[in-house]
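Sequential numbering from 526 applies to the sequence shown in our numbering.
Every residue, glycine too, gets a C-beta built ideally from N, C-alpha and C.
Just so you know, these numbers come straight off a predicted model, no measurement behind them.
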Amino acid sequence: MPLEKLLSRFYSQLITVERKATLTAETYKTSAETFVSWVRQQSKQETLDCLSNMKVQDMMYYLSWRKVHGMDELTLAKDVSALRAFGDFLVEKNIWAENLVQLIERPKLHRKLPRVLSPEQVDSLLGTIKTDTPLGLRDRALFELIYSCGLRISEASGLLMQNVHFNERLVMVLGKGSKERLVPFGVQAAKWLSLWVNEGRPKILGKKQVPEVFVNYKGAPLSRKGIWKKFQQLEAESGVTAKVHTLRHSFATHLLAGGADLRSVQELLGHSDLSTTQIYTHIDNEVLQLYYDEYFPSHGGKDE
526 MPLEKLLSRF YSQLITVERK ATLTAETYKT SAETFVSWVR QQSKQETLDC
576 LSNMKVQDMM YYLSWRKVHG MDELTLAKDV SALRAFGDFL VEKNIWAENL
626 VQLIERPKLH RKLPRVLSPE QVDSLLGTIK TDTPLGLRDR ALFELIYSCG
676 LRISEASGLL MQNVHFNERL VMVLGKGSKE RLVPFGVQAA KWLSLWVNEG
726 RPKILGKKQV PEVFVNYKGA PLSRKGIWKK FQQLEAESGV TAKVHTLRHS
776 FATHLLAGGA DLRSVQELLG HSDLSTTQIY THIDNEVLQL YYDEYFPSHG
826 GKDE
(Lines of atoms letter the chains of each structure in order from A and count residues from 1; the text may use other names and numbers.)
(Lines give C-alpha, C1' and ligand atoms only; values in the text may rest on other atoms or scores of the structure.)
Protein backbone atom coordinates (compact mmCIF):
# COMPACT_ATOMS: atom_id res chain seq x y z
CA MET A 1 0.00 0.00 0.00
CA PRO A 2 1.42 3.45 -0.90
CA LEU A 3 2.18 5.64 2.09
CA GLU A 4 -0.14 8.40 0.85
CA LYS A 5 -3.01 5.93 0.74
CA LEU A 6 -2.17 4.77 4.27
CA LEU A 7 -2.38 8.35 5.54
CA SER A 8 -5.66 8.87 3.72
CA ARG A 9 -7.12 5.74 5.34
CA PHE A 10 -5.89 6.92 8.74
CA TYR A 11 -7.79 10.19 8.27
CA SER A 12 -10.92 8.35 7.10
CA GLN A 13 -10.85 6.09 10.16
CA LEU A 14 -10.54 9.08 12.50
CA ILE A 15 -13.64 10.63 10.94
CA THR A 16 -15.86 7.61 10.32
CA VAL A 17 -14.89 5.12 13.04
CA GLU A 18 -13.51 7.19 15.90
CA ARG A 19 -15.86 10.11 15.24
CA LYS A 20 -13.14 12.70 15.70
CA ALA A 21 -13.96 16.32 14.93
CA THR A 22 -12.76 17.40 11.48
CA LEU A 23 -10.18 19.81 12.90
CA THR A 24 -8.81 17.13 15.22
CA ALA A 25 -8.61 14.61 12.38
CA GLU A 26 -6.81 17.13 10.17
CA THR A 27 -4.33 17.91 12.95
CA TYR A 28 -3.66 14.21 13.57
CA LYS A 29 -3.18 13.58 9.86
CA THR A 30 -0.75 16.49 9.58
CA SER A 31 1.29 15.10 12.49
CA ALA A 32 1.31 11.67 10.87
CA GLU A 33 2.37 13.15 7.50
CA THR A 34 5.29 14.99 9.10
CA PHE A 35 6.32 11.83 10.89
CA VAL A 36 6.12 9.66 7.76
CA SER A 37 8.10 12.24 5.79
CA TRP A 38 10.87 12.13 8.40
CA VAL A 39 10.90 8.31 8.39
CA ARG A 40 11.17 8.30 4.61
CA GLN A 41 14.18 10.61 4.70
CA GLN A 42 15.91 8.64 7.43
CA SER A 43 15.32 5.21 5.92
CA LYS A 44 15.67 6.22 2.25
CA GLN A 45 12.63 4.03 1.57
CA GLU A 46 9.28 4.84 -0.03
CA THR A 47 7.36 1.73 1.01
CA LEU A 48 5.65 0.52 4.17
CA ASP A 49 8.95 -1.11 5.15
CA CYS A 50 10.20 2.27 6.34
CA LEU A 51 7.52 2.14 9.05
CA SER A 52 7.48 -1.58 9.80
CA ASN A 53 11.21 -1.64 10.55
CA MET A 54 11.03 1.12 13.16
CA LYS A 55 12.10 0.75 16.80
CA VAL A 56 11.35 2.73 19.96
CA GLN A 57 14.72 4.48 19.64
CA ASP A 58 13.66 5.78 16.23
CA MET A 59 10.57 7.34 17.78
CA MET A 60 12.72 9.01 20.42
CA TYR A 61 15.06 10.35 17.74
CA TYR A 62 12.07 11.74 15.86
CA LEU A 63 10.62 13.54 18.88
CA SER A 64 14.07 14.90 19.74
CA TRP A 65 14.37 16.17 16.17
CA ARG A 66 11.01 17.91 16.47
CA LYS A 67 12.05 19.62 19.69
CA VAL A 68 15.41 20.72 18.25
CA HIS A 69 13.54 22.29 15.34
CA GLY A 70 11.58 24.62 17.61
CA MET A 71 8.53 22.67 18.77
CA ASP A 72 7.42 23.77 22.25
CA GLU A 73 6.32 21.38 24.99
CA LEU A 74 2.59 21.87 24.49
CA THR A 75 2.75 21.29 20.72
CA LEU A 76 5.04 18.30 21.25
CA ALA A 77 2.56 16.79 23.72
CA LYS A 78 -0.24 17.23 21.15
CA ASP A 79 2.01 15.66 18.52
CA VAL A 80 2.55 12.63 20.74
CA SER A 81 -1.23 12.26 21.19
CA ALA A 82 -1.68 12.32 17.42
CA LEU A 83 1.11 9.80 16.87
CA ARG A 84 -0.34 7.49 19.50
CA ALA A 85 -3.54 7.40 17.47
CA PHE A 86 -1.50 6.75 14.33
CA GLY A 87 0.41 4.01 16.16
CA ASP A 88 -2.86 2.29 17.10
CA PHE A 89 -3.84 2.46 13.44
CA LEU A 90 -0.51 0.93 12.35
CA VAL A 91 -0.98 -1.92 14.85
CA GLU A 92 -4.48 -2.52 13.51
CA LYS A 93 -3.07 -2.72 9.97
CA ASN A 94 -0.36 -5.16 11.13
CA ILE A 95 2.41 -2.73 10.22
CA TRP A 96 3.57 -2.48 13.85
CA ALA A 97 3.48 -5.38 16.30
CA GLU A 98 2.89 -2.88 19.14
CA ASN A 99 2.30 0.83 19.41
CA LEU A 100 5.83 2.24 19.80
CA VAL A 101 4.52 5.67 20.76
CA GLN A 102 2.73 4.26 23.81
CA LEU A 103 6.14 3.22 25.15
CA ILE A 104 7.25 6.87 25.28
CA GLU A 105 6.11 9.27 27.98
CA ARG A 106 4.42 12.47 26.91
CA PRO A 107 6.56 15.53 27.70
CA LYS A 108 5.71 17.13 31.02
CA LEU A 109 4.10 20.49 30.53
CA HIS A 110 5.27 23.57 32.37
CA ARG A 111 2.26 25.73 31.79
CA LYS A 112 2.97 29.34 30.91
CA LEU A 113 0.57 32.10 31.85
CA PRO A 114 -1.28 33.31 28.76
CA ARG A 115 -0.41 36.73 27.40
CA VAL A 116 -3.28 39.21 27.79
CA LEU A 117 -3.89 42.74 26.57
CA SER A 118 -5.22 45.63 28.61
CA PRO A 119 -8.53 47.17 27.49
CA GLU A 120 -6.51 50.15 26.24
CA GLN A 121 -4.36 47.86 24.11
CA VAL A 122 -7.46 46.16 22.71
CA ASP A 123 -8.88 49.60 21.86
CA SER A 124 -5.63 50.57 20.17
CA LEU A 125 -5.48 47.30 18.22
CA LEU A 126 -9.06 47.40 16.96
CA GLY A 127 -9.03 51.16 16.46
CA THR A 128 -6.34 50.71 13.82
CA ILE A 129 -8.82 49.02 11.48
CA LYS A 130 -10.05 51.36 8.73
CA THR A 131 -13.80 50.89 8.42
CA ASP A 132 -14.49 52.89 5.23
CA THR A 133 -14.65 49.75 3.08
CA PRO A 134 -16.77 46.58 3.27
CA LEU A 135 -13.73 44.49 4.20
CA GLY A 136 -12.78 47.02 6.85
CA LEU A 137 -16.23 46.66 8.39
CA ARG A 138 -15.79 42.90 8.26
CA ASP A 139 -12.45 43.01 10.04
CA ARG A 140 -13.72 45.32 12.79
CA ALA A 141 -16.82 43.15 13.32
CA LEU A 142 -14.74 39.97 13.25
CA PHE A 143 -12.17 40.95 15.86
CA GLU A 144 -14.68 42.80 18.04
CA LEU A 145 -16.74 39.59 18.15
CA ILE A 146 -13.74 37.37 18.86
CA TYR A 147 -12.84 39.61 21.81
CA SER A 148 -16.39 40.14 23.04
CA CYS A 149 -17.21 36.41 22.98
CA GLY A 150 -13.78 34.86 23.58
CA LEU A 151 -14.05 32.90 20.34
CA ARG A 152 -11.47 30.51 18.95
CA ILE A 153 -10.36 31.36 15.43
CA SER A 154 -12.13 28.25 14.06
CA GLU A 155 -15.36 29.24 15.83
CA ALA A 156 -15.29 32.71 14.25
CA SER A 157 -14.52 31.25 10.83
CA GLY A 158 -17.40 28.77 11.04
CA LEU A 159 -20.01 31.08 12.58
CA LEU A 160 -23.31 30.89 10.67
CA MET A 161 -25.75 33.71 9.99
CA GLN A 162 -28.59 31.64 11.41
CA ASN A 163 -26.74 31.44 14.73
CA VAL A 164 -26.45 35.20 15.26
CA HIS A 165 -29.32 36.65 17.31
CA PHE A 166 -29.13 40.44 17.33
CA ASN A 167 -32.21 41.05 19.51
CA GLU A 168 -30.82 38.88 22.32
CA ARG A 169 -27.18 39.76 21.49
CA LEU A 170 -26.28 36.06 21.48
CA VAL A 171 -24.34 33.79 19.14
CA MET A 172 -24.59 30.02 18.96
CA VAL A 173 -21.02 28.79 18.69
CA LEU A 174 -19.87 25.38 17.44
CA GLY A 175 -16.79 24.59 19.55
CA LYS A 176 -14.38 21.71 19.99
CA GLY A 177 -15.89 18.26 19.67
CA SER A 178 -18.87 19.82 17.84
CA LYS A 179 -20.23 21.09 21.15
CA GLU A 180 -22.59 24.05 20.90
CA ARG A 181 -22.74 26.91 23.37
CA LEU A 182 -24.56 30.24 23.60
CA VAL A 183 -22.35 33.29 24.16
CA PRO A 184 -23.53 36.90 24.64
CA PHE A 185 -21.77 39.75 22.85
CA GLY A 186 -21.35 43.37 23.91
CA VAL A 187 -22.58 46.69 22.57
CA GLN A 188 -19.50 47.44 20.46
CA ALA A 189 -19.52 43.99 18.86
CA ALA A 190 -23.25 44.38 18.14
CA LYS A 191 -22.65 47.78 16.50
CA TRP A 192 -19.91 46.61 14.14
CA LEU A 193 -21.47 43.23 13.43
CA SER A 194 -24.71 44.96 12.44
CA LEU A 195 -22.84 47.34 10.12
CA TRP A 196 -21.03 44.40 8.51
CA VAL A 197 -24.12 42.24 8.07
CA ASN A 198 -26.41 45.01 6.84
CA GLU A 199 -24.01 47.16 4.83
CA GLY A 200 -20.61 45.58 4.13
CA ARG A 201 -21.53 41.96 3.55
CA PRO A 202 -24.30 42.58 0.94
CA LYS A 203 -21.90 44.69 -1.16
CA ILE A 204 -19.51 41.75 -1.41
CA LEU A 205 -22.07 38.96 -1.84
CA GLY A 206 -24.66 40.66 -4.02
CA LYS A 207 -27.31 38.00 -4.65
CA LYS A 208 -25.00 35.18 -3.60
CA GLN A 209 -26.13 33.11 -0.60
CA VAL A 210 -23.42 32.11 1.88
CA PRO A 211 -24.31 30.64 5.31
CA GLU A 212 -21.12 31.82 7.07
CA VAL A 213 -21.12 35.29 8.64
CA PHE A 214 -17.61 36.25 7.55
CA VAL A 215 -16.60 36.04 3.90
CA ASN A 216 -13.53 37.06 1.88
CA TYR A 217 -13.41 39.52 -1.00
CA LYS A 218 -14.56 36.79 -3.40
CA GLY A 219 -17.64 36.03 -1.31
CA ALA A 220 -16.31 32.67 -0.10
CA PRO A 221 -16.25 31.77 3.62
CA LEU A 222 -13.31 33.43 5.38
CA SER A 223 -10.82 30.70 6.36
CA ARG A 224 -8.86 30.38 9.58
CA LYS A 225 -5.71 31.16 7.61
CA GLY A 226 -7.38 34.27 6.20
CA ILE A 227 -8.25 35.49 9.71
CA TRP A 228 -4.74 34.76 10.94
CA LYS A 229 -3.10 36.64 8.05
CA LYS A 230 -5.40 39.64 8.54
CA PHE A 231 -4.56 39.77 12.23
CA GLN A 232 -0.85 39.72 11.44
CA GLN A 233 -1.34 42.83 9.32
CA LEU A 234 -3.33 44.46 12.10
CA GLU A 235 -0.62 43.62 14.62
CA ALA A 236 2.05 45.24 12.43
CA GLU A 237 -0.02 48.37 11.81
CA SER A 238 -1.05 48.89 15.44
CA GLY A 239 2.28 48.05 17.08
CA VAL A 240 0.44 45.85 19.61
CA THR A 241 2.14 42.46 19.92
CA ALA A 242 -0.51 39.74 20.05
CA LYS A 243 -2.06 36.75 18.36
CA VAL A 244 -5.71 36.14 17.50
CA HIS A 245 -5.92 33.82 20.51
CA THR A 246 -4.66 36.66 22.74
CA LEU A 247 -8.09 38.26 22.35
CA ARG A 248 -9.67 35.11 23.79
CA HIS A 249 -7.21 35.13 26.69
CA SER A 250 -7.92 38.81 27.29
CA PHE A 251 -11.69 38.19 27.26
CA ALA A 252 -11.39 35.53 29.97
CA THR A 253 -8.93 37.48 32.10
CA HIS A 254 -10.95 40.69 31.98
CA LEU A 255 -14.11 38.84 33.00
CA LEU A 256 -12.42 37.22 36.00
CA ALA A 257 -10.72 40.46 37.01
CA GLY A 258 -14.12 42.14 36.92
CA GLY A 259 -15.63 39.59 39.30
CA ALA A 260 -17.13 36.90 37.06
CA ASP A 261 -17.15 33.42 38.59
CA LEU A 262 -14.92 30.69 37.20
CA ARG A 263 -17.77 28.36 36.20
CA SER A 264 -19.43 31.05 34.11
CA VAL A 265 -16.19 31.83 32.30
CA GLN A 266 -15.68 28.11 31.72
CA GLU A 267 -19.09 27.90 30.04
CA LEU A 268 -18.47 30.99 27.92
CA LEU A 269 -15.10 29.68 26.72
CA GLY A 270 -16.43 26.19 26.05
CA HIS A 271 -13.83 24.48 28.25
CA SER A 272 -14.76 20.90 29.13
CA ASP A 273 -12.44 20.90 32.16
CA LEU A 274 -12.47 23.63 34.80
CA SER A 275 -8.72 23.23 35.30
CA THR A 276 -8.20 24.67 31.82
CA THR A 277 -10.03 27.83 32.85
CA GLN A 278 -8.21 28.08 36.19
CA ILE A 279 -4.97 29.17 34.53
CA TYR A 280 -6.49 32.65 34.20
CA THR A 281 -6.82 32.94 37.97
CA HIS A 282 -3.03 32.73 38.35
CA ILE A 283 -2.45 36.03 36.58
CA ASP A 284 -1.54 38.63 39.20
CA ASN A 285 -4.70 40.58 40.04
CA GLU A 286 -2.65 43.50 41.29
CA VAL A 287 -1.14 43.87 37.82
CA LEU A 288 -4.56 43.57 36.24
CA GLN A 289 -5.99 46.32 38.45
CA LEU A 290 -3.39 48.74 37.13
CA TYR A 291 -5.26 48.86 33.85
CA TYR A 292 -8.68 47.41 34.53
CA ASP A 293 -11.16 49.24 36.77
CA GLU A 294 -14.49 48.46 35.23
CA TYR A 295 -16.36 45.24 34.58
CA PHE A 296 -16.11 43.72 31.12
CA PRO A 297 -17.43 44.61 28.56
CA SER A 298 -16.73 48.28 29.26
CA HIS A 299 -14.44 48.35 26.20
CA GLY A 300 -15.55 51.03 23.82
CA GLY A 301 -18.31 52.44 26.04
CA LYS A 302 -20.61 51.30 28.81
CA ASP A 303 -23.53 49.03 28.09
CA GLU A 304 -26.66 51.07 28.71
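Leu685 is bridged by DSSP to Glu737. In terms of Cβ geometry, Gly675 and Arg773 form a close pair [threshold 7 Å]. In the three-state DSSP reduction, His774 falls in the helix class (H, G or I).
Around the beta-carbon of Ser775, 16 or more other beta-carbon atoms lie within 10 Å, marking it buried.
At least 7 Å separates the beta-carbon of Leu660 from that of Leu718. Of Phe668, Tyr805, Val689 and Val698, the smallest CA-CA separation from Asn723 is found for Val689. A residue is called buried once 16 or more other Cβ atoms fall within 10 Å of its Cβ, and Lys732, having fewer, is exposed. The continuous alpha helix (DSSP H) containing Val647 extends over residues Pro644 to Gly652. The region 526 to 535 makes no contact with the region 580 to 587, as fewer than three CB pairs between them are under 8 Å. In the structure shown, Arg706 falls within a strand segment according to DSSP collapsed to helix, strand and coil. Spatial neighbours of Ser649 in its own chain (CB-CB distance under 7 Å, excluding positions within 5 residues in sequence) are listed in chain order as Ser763 and Val765.
Take the alpha-carbon of Glu693 and the one of Pro736: they are about 20 Å apart.
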